[in-house]
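Residue numbers (UniProt numbering): 1 to 401.
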Ligand code: NAP
Ligand code: MG
């Protein structure tokens with residue numbers, strides 16, 4: 001008999017190869033075992049285009065209402081994609097839109113398999129990246145300068161007070177400028193979210209900035225972090241959690257020498273870049289899970305990877321693929337477990353944990369997709385195709401339930 005999930009989960013469908021594995025996961029690993037009411041939103045590029053991207057906003061609103069969402073990877077269109085899919089315009093990144101609406105923090109945690117040694121020998125435990133998901137270059141205004149002239153930053157107070165003007169640069173010839181911002185409230189909730197995550201997982205908290213160069217902008221982040229850590233001081237001490245504030249370049253060096261096991265809080269851009277480095281370091285993007293947490297406790301789970309285009313084109317040609325579905329499965333188990341936790345339904349949480357176990361045992365038994373096969377120790381003689389891996393997990397899951 002299927003396990004009943006009490007309240008709905010917001011499901012956001014996506015694009016290309018990620019969408020193909022998404023449906024395999026639902027059909028083979030979820031539907032046979034779970035009675036789950038999803039609120040379905042098709043964030044596939046065609047439907048976003050048809051709805052003028054309203055579907056993305058609707059999905060974010062639905063997460064606010066129900067508390068838990070799970071998202072498939074989606075195309076963020078560039079000029080080439082606009083042509084490829086004949087789009088009305090270059091729609092914004094759905095992840096960016098959802099992050100802004102939830103004012104959330106993204107935590108990325110690698111899934112560790114015993115037979116996949118990390119690229120960095122010292123790493124033993126997951127390095128979790130906490131990415132501040134608001135502002136900076138992701139909400140910037142930028143301009144190409146095509147004539148000599150002065151670029152300035154101007155702040156005009158709403159109460160009609162005196163304007164503040166700061167020179168950026170006197171251009172002698174063409175160039176480029178950018179203005180970006182962040183808000184104290186968002187930085188504060190980011191710091192709080194990181195502290196809460198570190199407390200929840202009982203791991204140290206690191207934060208890196210470039211405050212030697214950007215004394216005001218980056219310094220602002222550093223000071224707010226220090227304040228929030230100060231407020232949580234007692235709780236952090238009790239849990240034995242250490243806070244380290246580092247220069248971002250020092251943080252990068254220290255992380256590579258460490259055994260892992262910390263939450264590395266990153267400013268938006270650093271988090272974007274470093275999460276891909278850490279993901280690759282732990283084996284494959286296919287092993288990186290991701291969760292967006294809002295300050296008021298709403299959760300959106302996803303795999304960190306994109307739509308895996310190259311595999312999709314092979315799939316379209318009718319060729320077999322070997323795409324890793326682990327992070328997408330963990331997106332679902334994260335959402336299902338969180339739903340069960342919120343609904344107080346332990347059997348739902350238990351199903352999610354069992355499915356995770358089935359995935360890990362399948363992979364550790366040597367059934368691996370190509371991305372992992374290439375780096376596995378002990379070596380395996382052949383790789384599993386996309387569907388073959390999911391089928392093997394389904395078999396194991398049936399035995400475990
Ligand atoms: P990607 O889809 O993550 O793929 C990059 C490469 O990483 C793949 O070509 C593949 O390498 C490998 N890879 C990633 N996930 C894998 C998996 N599950 N199994 C096996 N190999 C995997 O990134 P991208 O090519 O930069 O972006 C493609 C599209 O995804 C873009 O349109 C982008 O906008 C979108 N995107 C969406 C999200 C999101 O929705 N969260 C995130 C990132 C990118 P090989 O080809 O060498 O096998
Ligand atoms: Mg990135």
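Built from N, CA and C at the ideal position, the CB exists for glycine as well.
Own chain partners of residue i with C-beta closer than 8 Å, once the 5 adjacent residues on each side are dropped
i	result
residue 247	208, 209, 210, 211, 212
residue 52	88
residue 261	124, 125, 126, 127, 203, 204
residue 5	34, 35, 36, 37, 336, 339, 340, 343, 345, 348
residue 257	122
residue 142	176, 177, 178, 179
residue 201	128, 263
residue 24	325, 386, 387, 390
residue 219	209, 211
residue 268	131, 132, 133, 134, 135, 136, 137, 138
Residue i - containing beta strand (DSSP E), residue span
i	result
residue 390	Run containing residue 390: none in the beta strand (DSSP E); it sits in the alpha helix (DSSP H), 386-400.
residue 69	68-71
residue 265	262-266
residue 163	Neither: residue 163 is in no beta strand (DSSP E) and is coded neither H nor E.
Residue i, DSSP secondary structure in three states
i	result
residue 178	strand
residue 85	coil
residue 239	coil
residue 222	helix
residue 208	strand
residue 1	coil
residue 190	helix
residue 275	helix
residue 19	helix
residue 48	helix
residue 402	Nothing can be reported for residue 402: it is not among the residues displayed for the chain, which extend from 1 to 401.
residue 200	helix
residue 229	helix
residue 280	helix
residue 55	helix
residue 312	helix
residue 43	coil
residue 270	helix
residue 234	helix
Same chain only: Cβ atoms within 7 Å of residue i, ignoring 5 sequence neighbours per side
i	result
residue 235	199
residue 259	122, 123, 124, 125
residue 337	349, 352, 353
residue 368	376, 380, 383, 384
residue 173	148
residue 190	105, 132
residue 140	178, 179, 180
residue 47	55
residue 358	393, 396, 397, 400
Beta-bridge partners of residue i, as assigned by DSSP
i	result
residue 38	9
residue 170	150
residue 291	107, 301
residue 155	164
residue 244	206
Residue i - containing alpha helix (DSSP H), residue span
i	result
residue 252	248-257
residue 305	Here residue 305 belongs to no alpha helix (DSSP H), and DSSP marks it neither H nor E.
residue 408	Because the chain spans 1 through 401 in this model, residue 408 falls outside it and cannot be assessed.
residue 335	326-343
residue 362	346-364
residue 109	Careful: residue 109 lies outside any alpha helix (DSSP H), inside the beta strand (DSSP E) at 105-110.
residue 28	Here residue 28 belongs to no alpha helix (DSSP H), and DSSP marks it neither H nor E.
residue 372	370-373
Cut-off 6 Å between Cβ atoms - residues of its own chain near residue i, not counting five sequence neighbours on either side
i	result
residue 275	108, 129
residue 405	Outside the shown range of the chain, which is 1 to 401, sits residue 405, and nothing can be said about it.
residue 314	321
residue 68	9, 299, 335, 338, 339
residue 187	221, 224
residue 164	155
residue 49	87, 88
residue 363	113
residue 151	168, 169, 177
residue 28	390, 394
residue 312	16, 17
residue 301	70, 291, 331, 334, 335
residue 244	206
residue 94	43, 56, 74
Which ranges does the beta strand (DSSP E) cover as unbroken runs of at least 3 residues, wholly within the segment 116-152, from first to last along the chain? Qualifying beta strand (DSSP E) stretches, in chain order: 128-132, 141-145.
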